[in-house]
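> Protein chains in written order, with the numbering used here: chain A, 675 to 695; chain B, 0 to 125. Cβ coordinates follow ideal geometry from the N, Cα and C atoms, glycine included.
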Amino acid sequence: YEGVNTIKEMGRSIHEIPRQD
Amino acid sequence: DSCIQFTRHASDVLLNLNRLRNRDILTDVTILVNRQQFRAHKTVLMACSGLFYTIFTDSHKCNLNAISLDPKVDPEGFAILLEFMYTSRLTLKESLIMAIMNTAIYLQMDHVVDTCHRFIKSSDPS
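Here is the structure:
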């Protein structure tokens with residue numbers, strides 16, 4: 675990604691699978 | 000050009016894989032260590048261990064749904080390394096350090112072996 679302006683996203687990226695239903 | 004790097008993505012994926020393991024969802028292999036059984040995902044095992052990489056890239060073995068480890072492997076040591084694979088956290092207890100390190104050598108988890116060596120050195124008073 676050299677030369678690409680990388681923006682950091684600090685939050686969750688995906689849904690969270692529950693521990694148990 | 001811009002790129003958004005989701006800094007938590009790798010750990011979020013690992014967290015979900017661990018939840019899947021805990022709920023036995025899409026786990027596809029049972030690892031037998033003495034009489035103890037551990038369910039896991041082959042892909043996670045082979046991504047973390049040279050031994051499992053060799054086993055599951057072998058066309059004769061990749062479809063096995065149970066693998067027996069050497070009976071000398073300590074189940075407690077294996078449990079700690081399996082937990083590490085799915086959480087990035089290695090619980091090093093002094094009472095189990097040799098079992099963990101020997102199991103890591105057997106599983107070909109070289110960086111963990113190095114870490115165990117450093118832990119032993121740092122806790123040796125001499």
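Roughly how many angstroms separate the alpha carbons of S687 (chain A) and L16 (chain B), rounded to a whole number?
Within the first sequence, the letter at position 13 stands for residue 687 (chain A). Within the second sequence, the letter at position 17 stands for residue 16 (chain B). So the two alpha carbons sit approximately 14 Å from each other.
> Tell me where the alpha helix (DSSP H) around I24 (chain B) begins and ends.
Position 25 of the second sequence, counted from the first residue, corresponds to residue 24 (chain B). First-last for I24 (chain B): undefined, no H or E at that position.
> At 8 Å on the CB atoms, spell out the chain A contacts of H8 (chain B), in chain order.
Residue mapping note: residue 8 (chain B) aligns to position 9 of the second sequence, counting from 1. What H8 (chain B) touches in chain A: S687, I688.
> Less than 7 Å between the beta carbons of L80 (chain B) and T102 (chain B), yes or no?
For this step, residue 80 (chain B) is matched to residue 81 along the second sequence. For this step, residue 102 (chain B) is matched to residue 103 along the second sequence. Yes, Cβ-Cβ distance for L80 (chain B) and T102 (chain B) is below 7 Å.
> Are the C-beta atoms of E676 (chain A) and some chain B residue less than 7 Å apart?
For the purposes of this step, residue 676 (chain A) is taken as residue 2 along the first sequence, with counting starting at 1. By this cut-off, E676 (chain A) is not an interface position.
> List, from N- to C-terminal side, the alpha helix (DSSP H) runs of 4 residues or more that fit wholly inside the segment 81-108 of chain B.
Whole alpha helix (DSSP H) segments, 4+ residues: 96-106.
> Mind checking which residues open and close the beta strand (DSSP E) that includes C2 (chain B)?
By one-based count along the second sequence, residue 2 (chain B) stands at place 3. Counting along the chain, the beta strand (DSSP E) containing C2 (chain B) begins and ends at 1-5.
> Can you tell me which of the three DSSP states S48 (chain B) falls into?
As a working mapping, residue 48 (chain B) is identified with position 49 in the second sequence. Looking at S48 (chain B) - three-state DSSP - the assignment turns out to be coil, as it is neither helix nor strand.
> Is the distance from the Cβ of L44 (chain B) to the Cβ of F37 (chain B) below 7 Å?
Here the question's residue 44 (chain B) lines up with position 45 in the second sequence. Here the question's residue 37 (chain B) lines up with position 38 in the second sequence. Going by C-beta atoms, L44 (chain B) is not nearer than 7 Å to F37 (chain B).
> Just curious, the beta strand (DSSP E) that T56 (chain B) is in, first and last residue?
Taking the second sequence and counting its residues from 1, one reaches residue 56 (chain B) at position 57. No beta strand (DSSP E) holds T56 (chain B); DSSP gives it neither H nor E.
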